[in-house]
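Engineer: Numbered per full-length UniProt numbering, the sequence shown spans residues 1 to 274.
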Amino acid sequence: MGNINEQVRVIAEQYDIDLSKIEGSGPNGEVTLQDLEAYIREHFYPKVKREVKIFGIRKVIGDRLSKSYREAVHVTLNMEVEMDKLVEMREKLAKKLGKKPSYTVLMLKCIAKAIRDFIEINATIEGDKIIIYDNININIAVDSPIGLITPVIRDVDKKSLEGLLREYQDLVERVKKGILKEKDFVGGTFTVTNLGMFGVDSFTPIINPPQIAILGLNRIVKKPVIKDGEIKICNVMNLSLSFDHRAIDGAPAARFLQKVKYYLENPEEVFEVE
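What follows is the structure in structure tokens.
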């Protein structure tokens, strides 16, 4: 008992607690370690508002992301991209389509074209094998009532812009209504996550296992850029590519990111406007 009393005294000193203010539950009203711990929890720790049990798809997401960080060798590259031409292209496409296409969809087309040029990044790692796919099936990280989910759009590079817009809008609506099915999540080969609408400038996306790479899109902002020896105000955005170093080295990952940058800065090579 003496050791417990000494332990109580030492802990109380660390928290500047006057033990006489604690009603003890021990013999003769002695303050026990349990009494002190209860006092510390009440006075030094935040009050619990509510507890939310992790279950269902939220638990699946958590387990997958934990597995990703345990197993994948994460590396993230960031690259700045000038977006003026894509902003202009969006206006031109709006006239052609009758409405403005979302930046996410436009960037998906550019990304898919870059993936086709660097197909080695369109892969999964399973055991001791890297499996490279021909179909470019892009998972899109979407905020939903139950948290972040990653439904897939298949063969993005083969779809027309109009077709991709319809499928993306349908996907977003079904996410909001919570009516996605198992088929909406399987078969992805690469993931894109866009936090630009939240004002994010840079982040470290977590790889969606067993895929080997994920591309983060950030907000488009106006900032001064030196072009042709002059300072100009341009629309710019950061790209954040996380990849599994077990499957791809830094140099080829950087070249892929450069290719994404190229198509975003030269959208006339991706989209046709009559």
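The beta carbon of each residue, even a glycine, is placed where N, CA and C say it ideally should be.
Closest to Gly187 by CA distance: which of Ser144, Pro101, Glu230, Asn139 is it?
Structural biologist: Asn139
Engineer: By the 10 Å Cβ neighbour count, where 16 or more other Cβ atoms means buried, how is Val270 classified, buried or exposed?
Structural biologist: buried
Engineer: Suppose the cutoff is 7 Å on Cβ atoms and the five residues either side in sequence are ignored; what does the same chain contact list for Met1 look like?
Structural biologist: Confidence in Met1 is poor, its pLDDT being 40 and thus under 50, which makes the residue's placement too unreliable to answer from.
Engineer: Mind checking whether Ile115 and Ile136 have CB atoms under 8 Å apart?
Structural biologist: yes
Engineer: In chain order, what residues of the same chain lie with their CB nearer than 8 Å to the CB of Gln34, ignoring the 5 residues before and after it?
Structural biologist: Counting only residues of its own chain and dropping the five nearest sequence neighbours on each side, Gln34 has a CB closer than 8 Å to the CB of Ser25.
Engineer: Would you identify the three-state DSSP class for Thr32, choosing helix, strand or coil?
Structural biologist: Three-state result, Thr32: coil.
Engineer: Count Cβ pairs between the region 94-110 and the region 122-131 that sit closer than 8 Å; are there 3 or more?
Structural biologist: Touching, no.
Engineer: What's the call for Thr189, buried or exposed, on a 16-neighbour Cβ count within 10 Å?
Structural biologist: buried
Engineer: Tell me whether Pro224 sits in a helix, a strand or coil according to DSSP, three-state version.
Structural biologist: strand
Engineer: Evaluate Gln211 with the Cβ neighbour count: other Cβ atoms within 10 Å of its Cβ, from every protein chain shown; 16 or more gives buried, anything less gives exposed.
Structural biologist: Buried, since its Cβ has 16 or more Cβ neighbours within 10 Å.
Engineer: Closest by CA to His43, which one among Glu23, Lys129, Ile17, Asp63?
Structural biologist: Ile17
Engineer: What do you get for Asp128, buried or exposed, if any count of 16 or more other CB atoms within 10 angstroms of its CB means buried?
Structural biologist: exposed
Engineer: Ends of the beta strand (DSSP E) at Val192?
Structural biologist: 190-194
Engineer: Only counting the same chain, and skipping five residues up and downstream in sequence, which positions put a Cβ closer than 7 Å to that of Val31?
Structural biologist: Cβ within range, chain order: Val8, Leu19, Ile22, Gly24.
Engineer: What is the DSSP secondary structure of Ala112, reduced to helix, strand or coil?
Structural biologist: helix
Engineer: Taking the beta carbon of Thr191 as the centre, do at least 16 other beta carbons fall within 10 Å, making it buried, or is it exposed?
Structural biologist: buried
Engineer: Can you find the residues in the same chain that come closer than 6 Å, C-beta to C-beta, to His74, ignoring five residues on each side of it along the sequence?
Structural biologist: Ser242
Engineer: Starting from Met237, trace the beta strand (DSSP E) in both directions and tell me its first and last residue.
Structural biologist: For Met237, the enclosing beta strand (DSSP E) starts and ends at 230-244.
Engineer: By a C-beta neighbour count over all protein chains shown, 10 Å radius and 16 as the cutoff for buried, is Arg251 buried or exposed?
Structural biologist: According to the sequence displayed, residue 251 carries Ala and not Arg. Exposed: under 16 other Cβ atoms inside 10 Å.
Engineer: What is the C-beta distance between Ala12 and Leu36, in whole angstroms, given that I count them as a contact (C-beta under 8 Å)?
Structural biologist: 6 Å
Engineer: Given this structure, state the Cα-to-Cα distance separating Ala112 from Asn235, to the nearest angstrom.
Structural biologist: 22 Å
Engineer: Note down the Cα distance separating Glu230 from Ile146, rounded to an integer number of angstroms.
Structural biologist: Rounded to whole angstroms, the gap between the alpha carbons of Glu230 and Ile146 is 48 Å.
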